[in-house]
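Single-structure report; data block below.
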Amino acid sequence: MTLKQTLSHAREMLEANDIEDFSLESELLLRHTLNKNRVQLYQDLEEQLSSKQEEDYWNLIERRLNHEPTAYITGHREFYGLDFYVNPNVLIPRPESELLVELALSTAANQQVSTIADIGTGCGVIAISLALNLPNVNIYATDISASALEVAQINCNKHGVAKEIHLLQGDMLNPLPEPVDLIVANLPYVRKADLPRIIPAKFEPLLALDGGPDGLQKVSQLCRQVKNKLRPTGYLLLEIGQGQRKAVTSLLHSFFQCANIEVALDLGSIDRVVSLFLSPNK
0 MTLKQTLSHA
10 REMLEANDIE
20 DFSLESELLL
30 RHTLNKNRVQ
40 LYQDLEEQLS
50 SKQEEDYWNL
60 IERRLNHEPT
70 AYITGHREFY
80 GLDFYVNPNV
90 LIPRPESELL
100 VELALSTAAN
110 QQVSTIADIG
120 TGCGVIAISL
130 ALNLPNVNIY
140 ATDISASALE
150 VAQINCNKHG
160 VAKEIHLLQG
170 DMLNPLPEPV
180 DLIVANLPYV
190 RKADLPRIIP
200 AKFEPLLALD
210 GGPDGLQKVS
220 QLCRQVKNKL
230 RPTGYLLLEI
240 GQGQRKAVTS
250 LLHSFFQCAN
260 IEVALDLGSI
270 DRVVSLFLSP
280 NK
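Here the sequence shown is numbered in numbering that gives the first Met the number 0, starting from 0 and rising by one per residue.
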């Protein structure tokens, strides 16, 4: 079969099995099989696949039909315009989390920020995206999972920021050696009862998804720790799930009565990031 015929057949199979973005995913898996970029793939559409290439490709398609995420199959995920290595030890980065990076960069552009902590760093996408855009800022990245930090280290090395990012193993803010100017956190916020309805959840690490009975177990823990780990004029940026705005803002107000708290919407107009600013003058 030619590449064109193979792609067409794969698209039909993925679409018939309700795989979202079936056209893109069939292409990504074929590019991975052939080690071609997108331009090369479409230049060579009339090229014939070898028997080995066909076998390898259809094995990947079969894995995707079993709902294994493409990012785990290929070992790659794009985030904030960068390519990152991922494996089943880390949560697959979501596009909506790019809002955390944008807000952190905006904060650093308008305020004095010399130290940042990325809590629950996973594969390191947020910390690395910030390090590449803020070369003079000291960044700590924490995660309770040693396996996740191994992936983060690979990505730090890949993007040349291993010296700028300090990877620390431990629970939430506990590993931080000092208070910081900005805390960025993407914590588990899925309710335990909702996990069975998330198809990728059977492949992704439960530790990175399970937010407890109300989805706010880790968020509550973070709020209790923030006071001693954030400088007097510090900022907190916290990603939340749909429908959690009121609960999270009320929780933060209970700990920081005089803080300025705002909520930013993602591209889907969903409440996505809660920001908190501490002011010593209040």
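From the three backbone atoms N, C-alpha and C, an ideal C-beta is built for every residue, glycine too.
query	result
Which listed residue (Leu208, Glu26, Pro92 and Leu33) has its alpha carbon closest to that of Ser49	Leu33
Phe78, DSSP secondary structure in three states	strand
Contact between the segment 55 to 67 and the segment 232 to 246 (3+ Cβ pairs under 8 angstroms)	no
Option nearest Val112 by Cα separation, candidates Glu95, Leu181, Leu29 and Ala145	Leu181
Counterpart residues of Ala184 in DSSP-defined beta bridges	Ile118 and Leu237
For Asn16, three-class secondary structure by DSSP	coil
Local Cβ density within 10 Å of Lys228, reported as buried at 16 or more and exposed below that	buried
For Gln168: DSSP bridge partner residues	Asp142
Cut-off 8 angstroms between Cβ atoms - residues of its own chain near Val85, not counting five sequence neighbours on either side	Ala70, Tyr71, Gly74, His75, Arg76, Ile91, Pro92, Cys122 and Val150
The segment 195 to 212 / the segment 245 to 263 touching (three or more Cβ pairs under 8 angstroms)	no
Buried or exposed by the 16-neighbour rule on C-beta atoms within 10 Å, applied to Glu11	exposed
Ala263 to Val136 span [Cα, whole Å]	24 angstroms
CA nearest to the CA of Gly242, picked from Phe255, Asp213 and Asn185	Asp213
Limits of the beta strand (DSSP E) - the one that Phe276 falls within	Asp270 to Phe276
Nearest to Pro178 (by Cα), restricted to the options Thr114, Ile118 and Gly211	Thr114
Bridge-paired residues (DSSP) for Thr1	Gln47
Residue burial classification, Cys155 (beta-carbon count within 10 angstroms, cutoff 16)	buried
Assigned exposure category for Tyr41 - 16 Cβ within 10 Å defines buried	exposed
Backbone CA spacing between Ser105 and Pro134 [nearest angstrom]	15 angstroms
Asn259 - partner residues in DSSP beta bridges	Phe276
Test item: CB-CB of Leu292 and Phe255 under 8 angstroms	The structure shown does not extend to residue 292, since the chain is modelled only from 0 through 281, so no value can be given for it.
Alpha-carbon spacing of Gly169 relative to Ile118, whole angstroms	10 angstroms
Boundaries (first-last residue) of the alpha helix (DSSP H) holding Phe202	Counting along the chain, Phe202 falls outside any alpha helix (DSSP H), and DSSP gives it neither H nor E.
Three-way DSSP call (helix, strand, coil) for Leu229 in this model	strand
Local conformation of Leu264 per DSSP, three classes	strand
Short Cβ contact (8 angstroms threshold) for Val183 with Leu99	yes
Proximal residues to Ser268 (C-beta, below 6 angstroms), its chain only, five neighbours per side dropped	none
Backbone CA spacing between Ser144 and Glu54 [nearest angstrom]	35 angstroms
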